[in-house]
Every structure is written in C-alpha cells, then in structure tokens.
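Structure first, commentary second.
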Amino acid sequence: MIEQSVCIVGLGLMGGSLASALQGQVKQLIGVDRHASTRQLALSDGVVDIVTDDLSFVVRAVDLIILATPVQSILQIVRELPILRPDGCMVMDLGSTKEEICAAMGALPDSFAAIGGHPMCGKETAGYHAADADLFRGQTFILSRNGRSTRQIEALSISIIEHIGAYPMFLSADEHDLIVAVASHLPYVIAAALMHRAADMEDERVWSVSASGFRDTSRLAGSDPRMMLEILLTNRRAILSQLNQYQKELTGVSKLLEEGNEAMLATWLAEAQQQYSVYRQQKMRSS
682 MIEQSVCIVG
692 LGLMGGSLAS
702 ALQGQVKQLI
712 GVDRHASTRQ
722 LALSDGVVDI
732 VTDDLSFVVR
742 AVDLIILATP
752 VQSILQIVRE
762 LPILRPDGCM
772 VMDLGSTKEE
782 ICAAMGALPD
792 SFAAIGGHPM
802 CGKETAGYHA
812 ADADLFRGQT
822 FILSRNGRST
832 RQIEALSISI
842 IEHIGAYPMF
852 LSADEHDLIV
862 AVASHLPYVI
872 AAALMHRAAD
882 MEDERVWSVS
892 ASGFRDTSRL
902 AGSDPRMMLE
912 ILLTNRRAIL
922 SQLNQYQKEL
932 TGVSKLLEEG
942 NEAMLATWLA
952 EAQQQYSVYR
962 QQKMRSS
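For the sequence shown, our numbering gives the first residue as 682, with consecutive numbering after it.
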C-alpha cells in the first residue's frame, strides 16, 4: 500500500474512519468533501495530506479512488469517472448496497479496475466527528466483483482491509444485497416501525416505562434518515422480499397468541433463543 496514492471521496463516518486508519500508510492520502468544516478538521487533524471539494482537481494524480459517499452520489461519480480520468485508475466503494454500484462499475471503460466494497460496521451518528480509526477492527468487509475487477484491485483491497483490522469476504452483488437486507436493512425498518408504534400511542409514559429492551430494539431508528432512504430505495427488491417473510413470521405468532397455544409459543420462543445462541457463538469465534 505504501506505494499507492489514495483519494477518499467523502470524509464522513466511513470515509473519515478509513482515512484515519490509513494515515501514514500510503504514499499520499487525499480527501474530497463538500463540507468546508470537515475539510478543515481533516487537514488540521493530519488525517489527510491534501483536501479539496473538487474531485476533478485531484483525480488525475491518484492510483486508487475510494468512494465513501451515499449510494446515489457513488453512482453519479462512477458515471463521471471516464470524463474525469480518461486514462483510468483503480476504484473501490464503501456503499451499503451493491447491485447498482457494481453494474455501474462494470460499465466503466477497460482502462479502469474496480471492485465493490461494504464494511459491515457503523454507528447511529454520522459525520467526520464520529470517525474512528478502529471502526473496522474485527469486522467483516464485503467485496463484490464486477466486470472491471482485476487481480490487482482485489489484492490491493484485501491489503487495505487487513491493514485496518477487518476480514474480507467475497459476495456477488446480488448475494450481498439479499444478505444485508436481512442482517442490516430489515432491522432498521423494524426499529423505525417500533418507534412509530410507540409514538402513535400518544402517551408520554411509554418513554418513562421503556427500559433496555426498548432502547436496544429501537436503537437503529436513530440512524441518518437520508442515508437510510437511499439504502431502502437502492435495495428495494431484496428488502421487500425479507419484509414479506418477516410479516409471515408475525402472522404466525399472532395466530398462536389468538389461539392461546402455549406449547407452540414455547417452542417458537425456545427456537429463537437457540438460534440467537448460535449467532452469538459464531460472532465470538470471528472476533
């Protein structure tokens, strides 16, 4: 990595954390961000060597561009890259959905090498102020090949992932979007729905009575709604499929409650507890 000049576009939570983790580990680290305050902080913190709000100003001088903006912005930049950098370069992204991004990457000219990426970590708070060099440590970092993926971009991506303490996992774009619909996007929708249900009661005692169960289940509702809106819309098909399956689960348990079927309810709860135990064991082994 030390021989590469890297440009990170978007210095929010993900991009800022990656810049902090790569600080001093590459030949040159350039940041691009539209917010003047973020640019000033990143430069004063020594996280980047150069910072600007103009991608066209720096794109011709870098080996690798890492796109850490919202999904729709990533798509727009990928489409503009052939004009901004006609001779091509290496491109990677950190977007939360992959099918549309990988399709756009695959349509780049042959002079480009590109790979989709998604670190499976985050916080409810967004922005540079929440960035943390250790954000990726011990976490899974998904890579998705496309028509412009090469051995060089794969090797460099794996090197970056291992350096920041994460674990690479290759998934196709459609596999990624289906799996994260269950593991990441569905939980957000459930948390948001829970907050709506509690607020619709119009009884402030709900907040006083609520404890750790409500807090832990509703936590994701505090995520940036603009970011989540893009995620929901760009992974709509997979999320709808998983919502339909989730609704079937709710319908099933509703029926058991209506019937007062104690035996089947006990079995359903015990199975969920067992599945949670398996999940926790697997997470502990991978950490």
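Think of the CB as a built atom: it goes at the ideal place given N, C-alpha and C, for glycine as much as any other residue. Note that the structure is a prediction, hence the values are computed from the model and not measured.
| Item | Value |
| --- | --- |
| First through last residue of the alpha helix (DSSP H) which encompasses residue 895 | 893-899 |
| Beta strand (DSSP E) runs wholly inside the region 732-814, at least 3 long, in chain order | 745-748, 771-774, 794-800 |
| Length of the line joining the Cα atoms of residue 889 and residue 902 | 18 Å |
| Limits of the beta strand (DSSP E) - the one that residue 719 falls within | Residue 719 -> not in any beta strand (DSSP E); alpha helix (DSSP H) instead, spanning 717-725. |
| Nearest-angstrom Cβ-Cβ length linking residue 776 and residue 755, presumed shorter than 8 Å | 5 Å |
| Backbone CA spacing between residue 923 and residue 863 [nearest angstrom] | 6 Å |
| Residues near residue 801 by beta carbon distance below 6 Å, same chain, minus five either side | 820, 821 |
| Alpha-carbon to alpha-carbon, residue 831 and residue 793 | 9 Å |
| Spatial neighbours of residue 918 in its chain, beta-carbon cut-off 7 Å, leaving aside the 5 residues before and after | none |
| Local Cβ density within 10 Å of residue 907, reported as buried at 16 or more and exposed below that | exposed |
| Beta-ladder partner(s) of residue 846, from DSSP | Looking at the DSSP assignment, residue 846 forms no beta bridge with any residue, so it has no partner. |
| Assigned exposure category for residue 738 - 16 Cβ within 10 Å defines buried | exposed |
| Entirely enclosed beta strand (DSSP E) segments - the region 822-875, minimum 3 residues | 848-851 |
| Under the three-state DSSP convention, the category residue 709 falls into | strand |
| Beta-carbon separation (whole angstroms), residue 803 vs residue 774, contact threshold 8 Å | Not quite, the Cβ-Cβ distance comes to about 15 Å (not below 8 Å), so this is no contact. |
| Unbroken beta strand (DSSP E) run spanning residue 686, endpoints | 686-690 |
| Bounding residues of the alpha helix (DSSP H) (the contiguous stretch that carries residue 967) | 943-967 |
| CB of residue 723 within 8 Å of CB of residue 814, strictly | no |
| At least 3 beta-carbon pairs within less than 8 Å: the region 933-946 vs the region 877-895 | no |
| Neighbour-count burial assignment, residue 725, 16 or more Cβ in a 10 Å radius | exposed |
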